[in-house]
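Chemist: First residue of the sequence shown: 804, per this note's numbering; consecutive thereafter.
Each residue gets a CB set at the ideal place from its N, CA and C atoms; glycine is no exception.
Pasting a structure below so you can have a look.
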Amino acid sequence: RLHWRGAKPVRPAQKAGETMFAGVDRDAVVDALRSDGLFSGLALPQSIHEEIASFAKRTSCFGNFDRRLEFLPVKHAEAEKHFGRPLLSGHFFERILDCNAALTVQRDPLLLDIAAH
């Protein structure tokens with residue numbers, strides 16, 4: 804919370820543009836993040852969710868932030884056996900740039916505006 808006290812106020816975006824999160828109030832999100840550290844009122848549109856899920860099913864990721872531990876998420880159990888260790892996380896790193904839906908989320912004007920605050 805000390806960070807918020809020292810941070811400069813941010814002006815609202817002049818032109819927010821079209822967001823995929825219609826009806827979400829930026830100020831409510833920012834207030835919740837500042838007070839609780841969490842906001843649960845955002846839901847991806849079904850088409851975005853499906854495209855990201857499809858990308859994740861067909862694209863190899865890297866286990867435990869280690870590029871030597873490459874595997875397909877749908878073969879997680881097999882990969883743990885193959886590598887002989889638990890794979891607690893999978894990361895796509897720059898491969899996520901090949902997923903248009905993920906980039907759409909990353910560039911959403913509402914999310915950018917929330918992050919600026």
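With a cut-off of 8 Å, do at least 3 Cβ pairs link the segment 881-889 to the segment 906-919?
Modeler: At 8 Å Cβ cutoff, the stretches do not touch.
Chemist: Report yes or no: do the segment 863-877 and the segment 833-842 share at least 3 C-beta pairs separated by less than 8 Å?
Modeler: Flag = no, the segment 863-877 and the segment 833-842 do not touch.
Chemist: Can you check the segment 850-906 for any alpha helix (DSSP H) of at least 4 residues that lies completely inside it and give the ranges in chain order?
Modeler: The qualifying runs are 879-886.
Chemist: When you compare only the Cα positions, how much space is there between A816 and F858?
Modeler: Here residue 816 refers to the residue found at position 13 of the sequence shown. Here residue 858 refers to the residue found at position 55 of the sequence shown. Per-residue confidence for A816 stands at a pLDDT of 49, beneath the threshold of 50, marking its modelled position as unreliable; no derived number is given.
Chemist: Kindly list the residues whose CB is nearer than 7 Å to the CB of S850, restricted to its own chain and excluding five residues on each side of it in sequence; keep chain order.
Modeler: To locate residue 850, count along the sequence shown from 1; it is residue 47. Nothing listed; no residue qualifies.
Chemist: V832 and I899 look like a contact to me (Cβ under 8 Å); what is the Cβ gap, rounded to whole Å?
Modeler: For the purposes of this step, residue 832 is identified with residue 29 of the sequence shown, where counting begins at 1. For the purposes of this step, residue 899 is identified with residue 96 of the sequence shown, where counting begins at 1. In fact, because the Cβ distance is near 23 Å, the residues do not count as touching under 8 Å.
Chemist: Helix, strand or coil for Q817, going by three-state DSSP, please let me know.
Modeler: Taking the sequence shown and counting its residues from 1, the one referred to as residue 817 is at position 14. Note that Q817 has pLDDT 47, beneath the 50 cutoff, so the model's placement of it is unreliable and no number is given.
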